[in-house]
Amino acid sequence: MNQSVDREFSKLRSFIWPIYRHELRMLLPMVFILFFVCFNYSILRSLKDSIVITASGAEVIPFIKLWVMLPAAIISTLVFTKLSNRFSQEKVFYIIISVFSCGYLLFAFVLYPLRETLHPHGLADTLQGILPAGFKGLVSMLCHWTFTLFYVLCELWTTIVMSVLFWGFANEVTKIQVARRFYSVFSIFSNLAAIAAGQAANFVSLGDEFNPSIPFGSSSWEQTMMVLVLVITVTSIAIMAMFRWMNKNVLNDPSFDEFHKSKLELKKSKRKSSIKDSFSYLSNSKYLICIAVLVVAYNLTINLAEVVWKDRLRAQFKSPTEVNQFLNNLTSIMGIVSTMVSIFMAQIIARFGWTKTALITPVMMLITCGGFFTFMIFQEHLADYAVLMTGLTPLAIAVYFGAAQNCLSKAMKYSVFDATKEITFIPLSHESKLKGKAAIDGIGSRLGKSGGSLLHQGLLLVFGSLSSSAPYVAVIIMGSITGWIVAVKALGRMFAEKVSGEKTDLISEGAKEEKPPAVANA
Numbered sequence: 004m005n006q007s008v009d010r011e012f013s014k015l016r017s018f019i020w021p022i023y024r025h026e027l028r029m030l031l032p033m034v035f036i037l038f039f040v041c042f043n044y045s046i047l048r049s050l051k052d053s054i055v056i057t058a059s060g061a062e063v064i065p066f067i068k069l070w071v072m073l074p075a076a077i078i079s080t081l082v083f084t085k086l087s088n089r090f091s092q093e094k095v096f097y098i099i100i101s102v103f104s105c106g107y108l109l110f111a112f113v114l115y116p117l118r119e120t121l122h123p124h125g126l127a128d129t130l131q132g133i134l135p136a137g138f139k140g141l142v143s144m145l146c147h148w149t150f151t152l153f154y155v156l157c158e159l160w161t162t163i164v165m166s167v168l169f170w171g172f173a174n175e176v177t178k179i180q181v182a183r184r185f186y187s188v189f190s191i192f193s194n195l196a197a198i199a200a201g202q203a204a205n206f207v208s209l210g211d212e213f214n215p216s217i218p219f220g221s222s223s224w225e226q227t228m229m230v231l232v233l234v235i236t237v238t239s240i241a242i243m244a245m246f247r248w249m250n251k252n253v254l255n256d257p258s259f260d261e262f263h264k265s266k267l268e269l270k271k272s273k274r275k276s277s278i279k280d281s282f283s284y285l286s287n288s289k290y291l292i293c294i295a296v297l298v299v300a301y302n303l304t305i306n307l308a309e310v311v312w313k314d315r316l317r318a319q320f321k322s323p324t325e326v327n328q329f330l331n332n333l334t335s336i337m338g339i340v341s342t343m344v345s346i347f348m349a350q351i352i353a354r355f356g357w358t359k360t361a362l363i364t365p366v367m368m369l370i371t372c373g374g375f376f377t378f379m380i381f382q383e384h385l386a387d388y389a390v391l392m393t394g395l396t397p398l399a400i401a402v403y404f405g406a407a408q409n410c411l412s413k414a415m416k417y418s419v420f421d422a423t424k425e426i427t428f429i430p431l432s433h434e435s436k437l438k439g440k441a442a443i444d445g446i447g448s449r450l451g452k453s454g455g456s457l458l459h460q461g462l463l464l465v466f467g468s469l470s471s472s473a474p475y476v477a478v479i480i481m482g483s484i485t486g487w488i489v490a491v492k493a494l495g496r497m498f499a500e501k502v503s504g505e506k507t508d509l510i511s512e513g514a515k516e517e518k519p520p521a522v523a524n525a
């Protein structure tokens with residue numbers, strides 16, 4: 004007898020674990036791989052910001068994202084495409100994870116200890132005396148080039164490992180009929196990883212006390228950073244081990260013949276795929292263009308707001324240890340909020356459909372960004388009332404208000420935006436997934452961040468500081484979110500058409516879920 008997923012599982016289980024026993028062999032290794040990928044990402048995100056912000060200030064971030072991150076994203080996408088043409092998807096996974104792990108170890112144990120020797124401070128002082136004040140971030144980026152390199156390598160973990168490698172793999176092996184249930188579980192565990200990462204990073208942090216029993220590092224912060232990189236290395240090895248087990252023991256089922264056949268065809272194809280092919284697919288598909296608009300708009304919006312907030316964060320906290328601990332705690336809070344939302348994700352999509360669920364993220368960002376910039380712009384008028392009510396300085400209030408905005412915006416992104424975006428790739432052909440996703444996640448996300456960085460640089464040259472340019476940043480953000488909402492509505496209509504012939508509950512409330520053989524026969 005056909006029943007909805009709510010009736011097959013208990014009420015609590017339908018929210019937290021709507022998974023059949025026969026699906027565990029497929030789901031569990033994917034869950035643990037995603038958990039460790041997100042665990043590493045959360046640690047790297049706080050680590051890179053702590054190093055760069057305290058050394059150079061938030062003004063350096065727009066320059067890094069435009070002049071280094073964008074070329075690096077293009078190059079890494081090209082490398083990924085070349086590797087995919089030459090090797091199987093499994094080998095590409097191992098190669099990329101290994102390269103990232105070696106890069107982090109090289110920075111932590113070689114480049115960072117030698118930073119004073121490697122950084123050209125004299126040249127930086129000369130350039131700063133010649134160039135206008137608005138180029139301070141550019142000079143800092145060049146001077147602290149090892150920090151810039153590490154920042155880029157950490158950012159690329161998100162783009163290449165999380166978005167392209169894991170989600171590309173998940174979209175290939177996940178059927179549209181089970182996507183809502185599987186992806187809601189993915190969302191929960193990715194957010195639990197953020198909670199674990201924030202607390203684990205603070206647990207291994209040495210604070211301001213140097214530990215002579217640790218055989219590396221010349222300061223407490225250097226030791227903390229090295230230990231965190233070793234943790235990332237161990238979890239990366241665990242990721243590769245689980246991926247190997249899954250390929251050997253799970254993806255040998257006959258139902259995945261097409262997945263393996265597609266890889267073999269890609270290797271034997273006379274005309275190998277390229278970045279040009281990816282963008283050609285993108286430009287000729289309204290469906291993929293709408294997905295790209297979502298990705299670009301999110302990254303443009305979060306980058307514009309985040310840089311302004313990090314400028315206030317650097318003014319509040321002086322040492323990298325303080326910044327790292329604050330960001331780690333914020334990461335854990337973000338994970339808690341995201342987890343609570345993720346628990347209800349399967350039910351939200353089933354009840355309200357894809358379009359209304361996908362609108363949650365831009366609407367939330369519209370509200371939180373509006374509140375943050377209202378306080379930034381009218382800080383002088385609101386500061387007295389805020390100090391009277393909270394006892395905090397205007398700077399501290401700005402930092403915590405911005406932290407709340409950053410936390411809520413990213414919580415919606417990790418719990419709702421990622422899941423709804425990835426679901427839209429599932430109905431596409433293998434070639435469209437491979438080429439469209441490489442262009443959208445490999446470069447499209449960087450275009451959004453680089454576009455925000457270019458806007459910040461222009462505003463810095465005109466107004467001289469991030470706080471002075473805040474009103475104009477707010478206007479740009481409102482326009483970006485408006486375009487995002489329009490794209491969501493258009494994509495929702497096209498997505499409904501593509502899956503209308505499928506047995507899926509992603510479109511409207513009350514649709515039926517695919518059952519395991521025993522239930523279906525009953």
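The numbering used here puts the sequence shown at residues 4 to 525.
Glycine residues also receive a C-beta, built at the ideal position from the N, C-alpha and C atoms.
For clarity, every value in this text was computed on a predicted model and none was experimentally measured.
DSSP three-state assignment for residue i, whether helix, strand or coil
i, result
"serine 49", "helix"
"lysine 178", "coil"
"isoleucine 217", "coil"
"tyrosine 115", "coil"
"phenylalanine 428", "coil"
"valine 253", "coil"
"tyrosine 23", "coil"
"glutamate 383", "helix"
"leucine 395", "coil"
"alanine 136", "helix"
"glycine 60", "coil"
"serine 222", "coil"
"glutamate 212", "coil"
"serine 190", "helix"
"serine 13", "coil"
Terminal residues of the alpha helix (DSSP H) in which residue i lies
i, result
"tryptophan 70", "Careful: tryptophan 70 lies outside any alpha helix (DSSP H) and carries neither H nor E."
"glutamate 93", "92-109"
"proline 365", "363-380"
"glycine 467", "Unbroken run through glycine 467: none, as it is neither H nor E."
"threonine 485", "473-502"
"tyrosine 301", "289-319"
"histidine 124", "124-133"
"valine 344", "323-346"
"glycine 140", "139-146"
Identity of the residue in the options nearest residue i by Cα
i, options, result
"cysteine 105", "Ala204, Ile235, Lys85 and Val142", "Ile235"
"leucine 27", "Thr177, Leu469 and Ala386", "Thr177"
"asparagine 214", "Ala204, Val326 and Gln226", "Gln226"
"leucine 291", "Pro65, Val491, Thr80 and Ile400", "Val491"
"methionine 367", "Leu450, Ile305 and Ser91", "Ile305"
"arginine 449", "Arg247, Ala295 and Val34", "Ala295"
"aspartate 421", "Pro365, Glu500, Arg89 and Ser221", "Pro365"
"glutamate 500", "Arg16, Ser472, Pro430 and Asn255", "Pro430"
"isoleucine 352", "Ile36, Phe66 and Phe185", "Phe185"
"proline 116", "Asn174, Gln131 and Trp224", "Trp224"
"proline 21", "Ile191, Asn88 and Ala136", "Ile191"
"alanine 308", "Glu158, Leu86 and Gly455", "Gly455"
"serine 453", "Ala203, Pro74 and Ala318", "Pro74"
"leucine 121", "Ser412, Leu152 and Glu93", "Leu152"
"phenylalanine 189", "Met228, Val344 and Trp160", "Val344"
"leucine 398", "Gly220, Asn194, Val311 and Phe428", "Val311"
"proline 123", "Phe150, Ile98, Ile370 and Leu385", "Phe150"
Check whether the segment 336-355 touches the segment 462-481, taking contact to mean three or more Cβ pairs, one atom from each stretch, closer than 8 Å. no
For the pair the segment 438-448 and the segment 108-119, tell me if three or more CB-CB distances fall below 8 Å. no
Determine contact between the segment 165-172 and the segment 124-137, defined as no fewer than three beta-carbon pairs at a distance below 8 Å. no
Per the contact definition of three or more C-beta pairs closer than 8 Å, is the segment 353-360 in contact with the segment 297-317? no
Would you call the segment 322-329 and the segment 56-76 in contact, with 3 or more CB pairs under 8 Å? yes
Could you tell me whether the segment 145-156 touches the segment 196-203, using the rule of 3 or more Cβ pairs below 8 Å? no
Check whether the segment 384-392 touches the segment 457-476, counting contact only when three or more Cβ pairs, one atom from each stretch, lie closer than 8 Å. no
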